[in-house]
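Just so we're aligned, residue 18 is where the sequence shown starts under the working numbering, counting upward by one.
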Amino acid sequence: MSTIAVPCPHCKKKLKLRDKSLLGKKAKCPNCKQAFVLKLPAMTTPASSERSAPTAPVDNPPASDPQIEQVTPPPSAPPRQEESIQIELAQPTTPVVGTSAKWVPDDPVTPPPAAPEPAVKPPASGLPQIDTSAPPVINTTPAPGVDTGNTGPAFPDIAVESTENAGVARLRELRRKNAKRRNVTIASIVIVLLLIGVGGYFAWDQVEETIATKPAKPAPAPSAAASSTVASTQTYTPPAKVAPSPTNGTPIRLLYVPAGTRILIHLHPAALWAPGSQGEEFRACLGPVGIWAEQKIKEICLTGPAQIEELTFYLILGSPGAPPEYAAVIRPTEPLKRSELIAQFDGQRLDDYSFPVYSGDKYSSMIVDENTYVIGPPGNLRAAEMAESREYDSSTSPGIESILKQTDRDRHLTIVFDPDEVRRQQDVLLPEKAHPFLNEFLDWLGEDVETVAWSMHLGADDFYSEWTFRNSTMIRPGKLAINLKEQLDVLPEEMLQGVRKMNPGTIGSRKVIGRFPAMLKAFSMANQEQSGERYAQLVSNLPERAAPNLALASLLTWDESTRTDFSVKAKPRPTGPQLPDKVVDRLKMKLEVDFKRMPLEEVLAYIADETKTKIILDGAGLKLVGYTQNMRQTMNLGTVSALETIQAIFNVKDQDQMCLIIDENAKTATVTSKPFAQQNNLKTYEFPPAQ
18 MSTIAVPCPH
28 CKKKLKLRDK
38 SLLGKKAKCP
48 NCKQAFVLKL
58 PAMTTPASSE
68 RSAPTAPVDN
78 PPASDPQIEQ
88 VTPPPSAPPR
98 QEESIQIELA
108 QPTTPVVGTS
118 AKWVPDDPVT
128 PPPAAPEPAV
138 KPPASGLPQI
148 DTSAPPVINT
158 TPAPGVDTGN
168 TGPAFPDIAV
178 ESTENAGVAR
188 LRELRRKNAK
198 RRNVTIASIV
208 IVLLLIGVGG
218 YFAWDQVEET
228 IATKPAKPAP
238 APSAAASSTV
248 ASTQTYTPPA
258 KVAPSPTNGT
268 PIRLLYVPAG
278 TRILIHLHPA
288 ALWAPGSQGE
298 EFRACLGPVG
308 IWAEQKIKEI
318 CLTGPAQIEE
328 LTFYLILGSP
338 GAPPEYAAVI
348 RPTEPLKRSE
358 LIAQFDGQRL
368 DDYSFPVYSG
378 DKYSSMIVDE
388 NTYVIGPPGN
398 LRAAEMAESR
408 EYDSSTSPGI
418 ESILKQTDRD
428 RHLTIVFDPD
438 EVRRQQDVLL
448 PEKAHPFLNE
458 FLDWLGEDVE
468 TVAWSMHLGA
478 DDFYSEWTFR
488 NSTMIRPGKL
498 AINLKEQLDV
508 LPEEMLQGVR
518 KMNPGTIGSR
528 KVIGRFPAML
538 KAFSMANQEQ
548 SGERYAQLVS
558 NLPERAAPNL
568 ALASLLTWDE
578 STRTDFSVKA
588 KPRPTGPQLP
598 DKVVDRLKMK
608 LEVDFKRMPL
618 EEVLAYIADE
628 TKTKIILDGA
638 GLKLVGYTQN
648 MRQTMNLGTV
658 SALETIQAIF
668 NVKDQDQMCL
678 IIDENAKTAT
688 VTSKPFAQQN
698 NLKTYEFPPA
708 Q
């Protein structure tokens, strides 16, 4: 087999190749350890010599040089115009992807440090010129070893470095690093988004509460001219959360009634009219309003309040000046007897329905089941509307429809209304003397309120009140809740200015009306605001005594306002009898004591107001013995002195660590704990022995 001898351009050693498959590849010379590209010396092909003229004589090579055996390239590969092999053929810029395995020589030689690519030197003039500019054919078979056939120093073995496999490995390495870098970036982005989402989910409730809730401002210190109140060493801090609802009923619905409801009244007559209940006392405090309500229930519902478990009135308002239409859904305490009820119905039965529907001249009526019947407006059209709304709620304004979702059927009393409609129809809804009060209330609500729902529940120990306001699109629910709470906080002072202009005719009315601003102040302090999707709320939970007291004071104040000219200036307040100079003598004044679960702070405020004495409730001192300012006090002592009342409070079980300190120089009385007084060397007041 013929071989090819390729000289090293550095040391001129001849390297013997078995065939031309290694031409164009990079190799290392075993003699000088230099890298170079394997290529044949340049020579002129026979075709080229025939075309050239004159023909240059070919010098015979020296005898010392070995004869190069030339292998004619295949005729199918036409020669290119370049005379020398380019470096790119040996080390291409773009790695060649192949499947050949890397060839490892029998005697591996440690490669030297990479050297710069040497410039291609022109071959000796005595060597034949061979055109090898055509790119070599890439062989996918493993690279063979170079067997020179001579182990002498003149023909050493060659260790060939495969550039094909090196390029493939580099490409795979780059792809692997890029994929790893891309995966790390994607994972980082996903983790960051996940952290933001989780943080936003847990923080949203607090963010929404921060937007909708504003810390209550402490009440301003009373001036010398104002009535005395309790001065506490700790500012009043409202509860962080609103009072929980005492009921958990379903929302009120607009079933069985015609369309167009603008005012709704829902109540539980059997509970409110039960003998000896909180409802009975509450109705008694409403005076003529409670009597009028009982008469209307009997007239419309064909039975008394005590026989009705649940009752809902629907007022359907028409054009201004037209009398309103009404409908009532009645749920009796006992299953009704259909025959007895039908005998009381007015009009004739409509044959279009499988259930009893009657249309009369006075009213229409319908029996839903043995526990529900309906009284509605007269006429066949209204009766048909009642029958068609048996399965679906009747249509109404968006505000009424939305706010009904926040109601609770189990509350004792719920009132829902549209302020604009009430103002427009006030001539047919209320007597004329009630119009000023109504307009003042609607002005207090403002234009940011679309609909209102108020509900209350009378518990054995608590009075629960809930105001719900649907906000207009011009204000956020949280902002509306804050605004209404601020308006409620200033209402007691405004009421006080109006009460000073009144002159009640009886002593009892004068005392109740005079205390009405203080009641409003307690009600304002107890209310906490909250908001939701398109609604704002004011929720309070007071002792059960607050319900009848607020009802009676509101009624008497409204009645007296109808006889008061508010355009005149308030009369000077009577000085009254001269107060004792000493604090201890003031605390001997008589007062009425009837407390039911009233907080200690409110009890002392009442005593301070009755005796015109500044009483300080030391919250820090009470903490030493585990007491709080909200400890409930329940006692009925009748008419006793303030000192006897305070002594009775100290004698209650688990309250015997409290004491009274009187400072005649500062004109104050302080309620604190005995350990605090001992630590600060304070002299406690010694109560006289009980008689």
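Just so it is clear, CB atoms sit at the ideal spot from N, CA and C, and this is done for glycine as well.
Check: Euclidean distance between Cα positions of L497 and Q504; Outcome: 11 Å
Check: Distance between I624 and P597 (C-alpha atoms, nearest Å); Outcome: 15 Å
Check: E457 burial status per 10 Å Cβ neighbour count (16 or more: buried); Outcome: exposed
Check: Stretch pair the segment 417-431 + the segment 314-326: three plus CB contacts closer than 8 Å; Outcome: no
Check: Outcome for A404 when other beta-carbon atoms lying within 10 angstroms are tallied against a minimum of 16; Outcome: buried
Check: Limits of the unbroken alpha helix (DSSP H) element including M403; Outcome: 397-405
Check: Assumed close pair E561, D611 - CB separation to whole angstroms, cut-off 8 Å; Outcome: Going by Cβ atoms, the distance from E561 to D611 rounds to 12 Å, so no, they are not a contact pair.
Check: Same chain, Cβ closer than 8 Å to Q646, five either side skipped, listed in chain order; Outcome: S249, Q251, P616, L617, E618, L634, G636, L639
Check: 9 Å Cβ cutoff met for S571 and F533; Outcome: yes
Check: Cβ pair F540, A563 closer than 9 Å; Outcome: yes
Check: heavy atom of the ligand SAH below 8 Å from N195 C-beta; Outcome: No copy of the ligand SAH occurs in the structure displayed, which carries no ligand at all.
Check: Buried versus exposed, by CB contacts within 10 Å (16 or more), N682; Outcome: exposed
Check: Beta-carbon spacing of A400, S419 below 9 Å; Outcome: no
Check: Range of the contiguous alpha helix (DSSP H) that encloses C25; Outcome: No alpha helix (DSSP H) contains C25, which DSSP labels as neither H nor E.
Check: Minimum C-alpha distance to S717 - residue among I432, S658, G515; Outcome: Residue 717 is absent from the structure shown; the chain starts at 18 and stops at 708.
Check: Sub-9 Å separation of A543 and N566 beta-carbons; Outcome: no
Check: Straight-line Cα distance separating K502 from E464; Outcome: 16 Å
Check: Residues of its chain near S548, where Cβ-Cβ distance is below 6 Å and the 5 sequence neighbours each way are ignored; Outcome: A229, P494, G495, A498
Check: Secondary structure of R300, DSSP reduced to three states; Outcome: helix
Check: Where R580 sits in the DSSP three-state scheme; Outcome: coil
Check: Residue of A288, R487, I432, K422 minimising C-alpha distance to P268; Outcome: K422
Check: Euclidean distance between Cα positions of V259 and I530; Outcome: 29 Å
Check: Bounding residues of the beta strand (DSSP E) (the contiguous stretch that carries F612); Outcome: 607-616
Check: Cβ neighbours of P705 in the same chain (closer than 6 Å, five flanking residues each side left out); Outcome: none
Check: Those runs of the beta strand (DSSP E) which lie wholly inside the segment 641-675 and span at least 3 residues; Outcome: 649-658
Check: Counterpart residues of P349 in DSSP-defined beta bridges; Outcome: I325
Check: Residue range of the beta strand (DSSP E) that includes D460; Outcome: No beta strand (DSSP E) holds D460; the alpha helix (DSSP H) holding it covers 452-462.
Check: K684 and T628 closer than 9 Å at C-beta; Outcome: no
Check: Counted within 10 angstroms of its Cβ, other Cβ atoms place H329 as buried (16 or more) or exposed; Outcome: Note that residue 329 corresponds to Thr in the displayed sequence, not to His. With 16 or more Cβ atoms within 10 Å of its Cβ, T329 is classed as buried.
Check: Beta carbon of C676 nearer than 9 Å to that of V688; Outcome: yes
Check: Neighbourhood of W471 by C-beta, 6 Å cutoff - its chain only, sequence neighbours within 5 removed; Outcome: I432, W484
Check: Cβ pair A360, P275 closer than 9 Å; Outcome: no
Check: Cβ neighbours of P24 in the same chain (closer than 6 Å, five flanking residues each side left out); Outcome: K31
Check: 9 Å Cβ cutoff met for T468 and S411; Outcome: no
Check: For N653, the nearest candidate out of Y644, E326, V642, I666 (CA to CA); Outcome: I666
Check: Spatial distance of E546 from I632 (CA atoms); Outcome: 30 Å
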